[in-house]
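Novice:
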Amino acid sequence: MNIVNSYRLMIRNVRVNTDPGTLVFLVLMPTIYLVFMGYMFGTLISQIPVGSTSINYKEFLSPGIAAFETATAGIVAGGLLWSDRRYGMFEQILSSPYTRAEYLFGILLTTLVFGFIGSGIMMLVSEAFLDYTAVSLMGVGLIVVSISLGSLFFGCMFLAIAAKVKSNQAYNSLTILIIFLVDFASTVFYPITSATPEALKVLFYVNPLTYIADVVRAGYISTVTTTDLVELLVTFIETMVMVAIAVLLYRKVRVGVT
Amino acid sequence: MLSEVLGLTSYPIEVEDLKYTYDGRKYAVDGISFSVREGEVFGMLGRNGAGKTTTIRILSTLLKRSSGSVKVLGMDPSTAGNHIRKRIGVVLQDESFDFTTVEKAFDVYGFIWGVSKSERDKKRESLLSTFELTDVRKKRMWDLSGGQKRRVQVAREFMHDMDLLFLDEPTSGLDPIARRNILNMIKDLTKDGLSVLFTTHNLEEADYLCQRVAIMNNGKILASDTIDALKTGYNGLKTVEVKIGGDQTGAESMFSKVSSGRVEPPFERELPYRIVTENTQETMQEIIKLALADSVQIEWLNVRAVSLEDVFISTIAGGV
Numbered sequence: 020m021n022i023v024n025s026y027r028l029m030i031r032n033v034r035v036n037t038d039p040g041t042l043v044f045l046v047l048m049p050t051i052y053l054v055f056m057g058y059m060f061g062t063l064i065s066q067i068p069v070g071s072t073s074i075n076y077k078e079f080l081s082p083g084i085a086a087f088e089t090a091t092a093g094i095v096a097g098g099l100l101w102s103d104r105r106y107g108m109f110e111q112i113l114s115s116p117y118t119r120a121e122y123l124f125g126i127l128l129t130t131l132v133f134g135f136i137g138s139g140i141m142m143l144v145s146e147a148f149l150d151y152t153a154v155s156l157m158g159v160g161l162i163v164v165s166i167s168l169g170s171l172f173f174g175c176m177f178l179a180i181a182a183k184v185k186s187n188q189a190y191n192s193l194t195i196l197i198i199f200l201v202d203f204a205s206t207v208f209y210p211i212t213s214a215t216p217e218a219l220k221v222l223f224y225v226n227p228l229t230y231i232a233d234v235v236r237a238g239y240i241s242t243v244t245t246t247d248l249v250e251l252l253v254t255f256i257e258t259m260v261m262v263a264i265a266v267l268l269y270r271k272v273r274v275g276v277t
Numbered sequence: 387m388l389s390e391v392l393g394l395t396s397y398p399i400e401v402e403d404l405k406y407t408y409d410g411r412k413y414a415v416d417g418i419s420f421s422v423r424e425g426e427v428f429g430m431l432g433r434n435g436a437g438k439t440t441t442i443r444i445l446s447t448l449l450k451r452s453s454g455s456v457k458v459l460g461m462d463p464s465t466a467g468n469h470i471r472k473r474i475g476v477v478l479q480d481e482s483f484d485f486t487t488v489e490k491a492f493d494v495y496g497f498i499w500g501v502s503k504s505e506r507d508k509k510r511e512s513l514l515s516t517f518e519l520t521d522v523r524k525k526r527m528w529d530l531s532g533g534q535k536r537r538v539q540v541a542r543e544f545m546h547d548m549d550l551l552f553l554d555e556p557t558s559g560l561d562p563i564a565r566r567n568i569l570n571m572i573k574d575l576t577k578d579g580l581s582v583l584f585t586t587h588n589l590e591e592a593d594y595l596c597q598r599v600a601i602m603n604n605g606k607i608l609a610s611d612t613i614d615a616l617k618t619g620y621n622g623l624k625t626v627e628v629k630i631g632g633d634q635t636g637a638e639s640m641f642s643k644v645s646s647g648r649v650e651p652p653f654e655r656e657l658p659y660r661i662v663t664e665n666t667q668e669t670m671q672e673i674i675k676l677a678l679a680d681s682v683q684i685e686w687l688n689v690r691a692v693s694l695e696d697v698f699i700s701t702i703a704g705g706v
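Top to bottom, those sequences are chains A and B. Here the first sequence is numbered in the numbering used here, starting from 20 and rising by one per residue. Here the second sequence is numbered in the numbering used here, starting from 387 and rising by one per residue.
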């Protein structure tokens, strides 16, 4: 595999995806969450305990929304494979000097780029609108690792769906359902407390966005605990499993068949 | 391989007993053999599902053959796919486009092929002009008509250099002028040594463009030669076309009685019957007599020379 080829495909992916619709999807929706929920719930919720400290709701929400961008980036990745298959560019690119592996890696690189751009924008929005505090160097490291893993996990998850699902309607419905489930069954918007129902807790703990949001949050407020490191490890394992599933399903994608 | 035996002519494509099956039961390509010479336009003619697209997919390394021997630019597609893909161009039968403007589509495609920015700009302007796309350059791909999309798809392929070009029904959906422009451009490029494998339903196009053709049906090549050589079997013969009007009841029975030539019934109701004959006078008289006797209404009747289409239909129908 030639990494330069994947890099070239990543540039292509970014270029064909920087249309107003994608940018609105990537930036506007989470910004609305951040500003509206941050201000409205911020007036209702005073302090939320996180690790050994407690923070206000705006400080809780900002890193959550940055983590949420990894799932949004994942949708972009799945959408790329889906539209390339649907509109013939998958077959066209594979008849050019690119291998299947380079194509796949190109999409994963694109997911990382969109994950970091989206999260970065959300951090800037947080700074502009909310009471954002400075992040330590270790915090930055944790944020980078968790955003990378999150982008890869969701990128692979939506790639696997794009590789498997046949109809456009099924793909869109499934994507909306999953993103809704993943966002709200995680600690992006609210913490897991003793009052959370057990069944929901299970869902929260299976969801990697819970761990990504927790670790990004820990990175933000620079209060890293052993739990955060364990959560990072769980995210890593879940990501590796999802990468394996995506690769397996992607290998079965045939040219000329949508 | 043939080239090794002959030693002189260069063959960018050499295929021997190629087979491919999608489902392990039925062969989409069933033991075909052919070769394409350097600088030649080789046409593959056949109905839908004949195996033309599958053959192109195998030769352009998109599919791995089930059996047989294939060399593309002297290399085996199953082991040297990446080397082959660097030197070929492929215009797919199905549409392929990014959700960008027309000019960005050209630029991104050139970028994928590693063409420098200055070269991309130069080629894009030239191709937009040649393919009459300048007026729609700022439009988004999905706002184009089917024919315009097709023109972009074909034109885009010339953003990069190549030794061998696969064209899978490149002119489908195009108006006659756009079609002729593309055919002329391909003709010009072959003068510089470009070899082309071209599939089409349009036999006039094949007649205009191809030096040699292969007629495919059900995964097999039924005939392969120069167009003149294929027509040789029809020397001295002419085609009488008879269009039946009104209710077509009785037409089939009437034509079954024709004895002065070989009758080829139409594929579609709107097309005429064809009778390939040595004596057009005798055939016409016979048909008129039979039509009167059987009360079959003749809408029009025409005599013309044998065309590639006649050869094609006759070959598919199991004739000459």
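All C-beta atoms in this analysis are idealised placements derived from N, C-alpha and C, irrespective of residue type, glycine included. From a predicted model like this one, the values you see are computed outputs, not experimental measurements.
Give, in chain order, every unbroken run of the alpha helix (DSSP H) that is at least 4 residues long and sits entirely within the stretch 80 to 143 of chain A.
Specialist: As far as the stretch 80 to 143 of chain A is concerned, its whole alpha helix (DSSP H) runs of at least 4 residues are 108 to 113.
Novice: Determine the burial state of B/Thr557: buried for a count of at least 16 other Cβ atoms within 10 Å of its Cβ, exposed for fewer.
Specialist: Buried, because 16 or more other Cβ atoms sit within 10 Å of the Cβ of B/Thr557.
Novice: Less than 8 Å between CB atoms is the rule here; does B/Ile399 satisfy it with respect to chain A?
Specialist: Cβ-Cβ to chain A under 8 Å: no for B/Ile399.
Novice: Give the range of the beta strand (DSSP E) segment to which A/Pro68 is assigned.
Specialist: Unbroken beta strand (DSSP E) run through A/Pro68: 67 to 69.
Novice: Roughly how many angstroms separate the alpha carbons of A/Thr129 and A/Arg31, rounded to a whole number?
Specialist: Rounded to whole angstroms, A/Thr129 to A/Arg31 spans 9 Å at the Cα level.
Novice: Going by the beta-carbon positions, is the gap between B/Thr666 and B/Val626 smaller than 8 Å?
Specialist: Yes, the pair counts as a contact, with Cβ atoms nearer than the cut-off.
Novice: With DSSP as the reference, please indicate the residues paired to B/Thr487 in a beta bridge.
Specialist: For B/Thr487, which the question treats as bridged, DSSP gives the partners B/Arg526.
Novice: Spatial neighbours of A/Met108 within its chain, please: CB distance less than 8 Å, with the 5 preceding and 5 following residues excluded, ordered by chain position.
Specialist: Here the set comprises Ser102.
Novice: Based on the DSSP secondary-structure assignment, which residues constitute the bridge partners of B/Ala414?
Specialist: For B/Ala414, which the question treats as bridged, DSSP gives no partner whatsoever.
Novice: What residues in the stretch 99 to 127 of chain A have a beta carbon less than 8 Å from any beta carbon of chain B?
Specialist: Listed in sequence order: Ser102, Tyr106, Gly107, Met108, Glu110, Gln111, Ile112, Leu113, Ser114, Ser115, Pro116, Tyr117, Thr118.
Novice: Which residues, taken in chain order from the stretch 473 to 495 of chain B, show a beta carbon closer than 7 Å to some beta carbon of chain A?
Specialist: If the cut-off is 7 Å between Cβ atoms, the stretch 473 to 495 of chain B has Val476, Leu478, Asp480, Glu481, Ser482, Phe483, Asp484, Phe485, Thr486, Val494 near chain A.
Novice: Between the beta-carbon of B/Thr663 and the beta-carbon of B/Ser646, is there less than 8 Å?
Specialist: Yes, they are a contact pair.
Novice: Using a Cβ-Cβ cut-off of 8 Å, state whether B/Asn468 counts as contacting chain A.
Specialist: By this cut-off, B/Asn468 is an interface position.
Novice: Going by DSSP, what residue range makes up the beta strand (DSSP E) through B/Thr586?
Specialist: Start and end: 581 to 586.
Novice: Hey, how far is the Cα of B/Lys405 from the Cα of B/Ser419?
Specialist: Distance between the alpha carbons of B/Lys405 and B/Ser419 is about 10 Å.
Novice: With distance defined between alpha-carbon atoms, name the residue in B/Arg536, B/Ala466, B/Lys525 nearest to B/Glu489.
Specialist: Selected option, being the one with the closest Cα: B/Lys525.
Novice: How would you list, in chain order, the residues of chain A whose beta-carbon sits under 9 Å from the beta-carbon of B/Glu497?
Specialist: A quick correction: the sequence has Phe, not Glu, at residue 497 of chain B. Under the 9 Å cutoff, chain A gives Arg27, Ile30, Arg31, Arg34.
Novice: If you run the structure through DSSP and keep just helix, strand and coil, what is B/Asp480?
Specialist: Correct three-state label for B/Asp480: coil.
Novice: Going along chain B in order, which residues have a C-beta closer than 7 Å to the C-beta of A/Asp38?
Specialist: What A/Asp38 touches in chain B: Phe485.
Novice: Which same chain residues end up closer than 7 Å to A/Met141 when comparing Cβ atoms and leaving out the 5 residues on each side of it in sequence?
Specialist: Excluding sequence neighbours, A/Met141 sits near Pro49, Leu53, Ile84, Ala85, Glu88.
Novice: Note down the Cα distance separating B/Val599 from B/Phe497, rounded to an integer number of angstroms.
Specialist: Near 34 Å, if we compare the C-alpha coordinates of B/Phe497 and B/Val599.
Novice: Buried or exposed, going by whether 16 or more other CB atoms sit within 10 Å of the CB of A/Leu200?
Specialist: Answer is exposed; the Cβ neighbour count stays below 16.
Novice: Cutting at 6 Å between CB atoms, please list the residues of its own chain near B/Asp680, excluding the five before and the five after it.
Specialist: Excluding sequence neighbours, B/Asp680 sits near Gly636, Met640.
Novice: Drop a sphere of 10 angstroms on the beta-carbon of B/Thr586, count the other beta-carbons inside from all chains shown, and report buried for 16 or more, exposed for fewer.
Specialist: Counting Cβ neighbours within 10 Å, B/Thr586 comes out buried, since at least 16 surround it.
Novice: Which residues in the same chain as A/Ser241 place their Cβ atom closer than 6 Å to its Cβ, once the five residues preceding and following it in sequence are excluded?
Specialist: Counting only Cβ-Cβ distances below 6 Å, and skipping sequence neighbours, we find Ser155, Gly158.
Novice: Applying the 10 Å Cβ sphere with the 16-neighbour rule, what's the burial state of B/Glu638?
Specialist: The residue in question, B/Glu638, is exposed, as its Cβ has fewer than 16 Cβ neighbours within 10 Å.
Novice: At a Cβ cut of 9 Å, what residues of the stretch 443 to 457 of chain B count as close to chain A, listed as they run along the chain?
Specialist: The residues in question are Arg443, Ser446, Thr447, Leu448, Leu449.
Novice: I want to verify the contact list: residues of chain B whose CB lies under 8 Å from the CB of A/Val274, in sequence order.
Specialist: Result: Arg443, Leu448, Leu449.
Novice: How big is the Cα-Cα spacing for A/Leu267 and B/Glu591?
Specialist: Spanning the two alpha carbons is a distance of roughly 43 Å.
Novice: Of the choices A/Gly97, A/Ala237, A/Leu219, A/Gly70, whose alpha-carbon is the least far from that of A/Ser205?
Specialist: Nearest C-alpha to A/Ser205: A/Leu219.
Novice: How far does the beta strand (DSSP E) with A/Leu63 in it extend, from its first residue to its last?
Specialist: Here A/Leu63 belongs to no beta strand (DSSP E); instead the alpha helix (DSSP H) covers 57 to 63.
Novice: What does the alpha-carbon distance come out to for the pair A/Leu12 and B/Arg660?
Specialist: No answer is possible for residue 12 of chain A: it lies beyond the span of chain A, which begins at 20 and ends at 277.
Novice: Note down the Cα distance separating B/Leu583 from A/Leu168, rounded to an integer number of angstroms.
Specialist: Between B/Leu583 and A/Leu168, the C-alpha separation is close to 46 Å.
Novice: Where B/Gly579 and B/Pro398 are concerned, what is the direct C-alpha to C-alpha distance, given to the nearest angstrom?
Specialist: C-alpha separation (whole angstroms): 11 Å.
Novice: At 3 residues or longer, what runs of the beta strand (DSSP E) sit wholly inside the stretch 591 to 618 of chain B?
Specialist: List check, beta strand (DSSP E) in window: 598 to 603, 606 to 612.
Novice: Skipping 5 residues on each side, what residues in its chain have a beta carbon closer than 6 Å to that of B/Ala677?
Specialist: Ile684.
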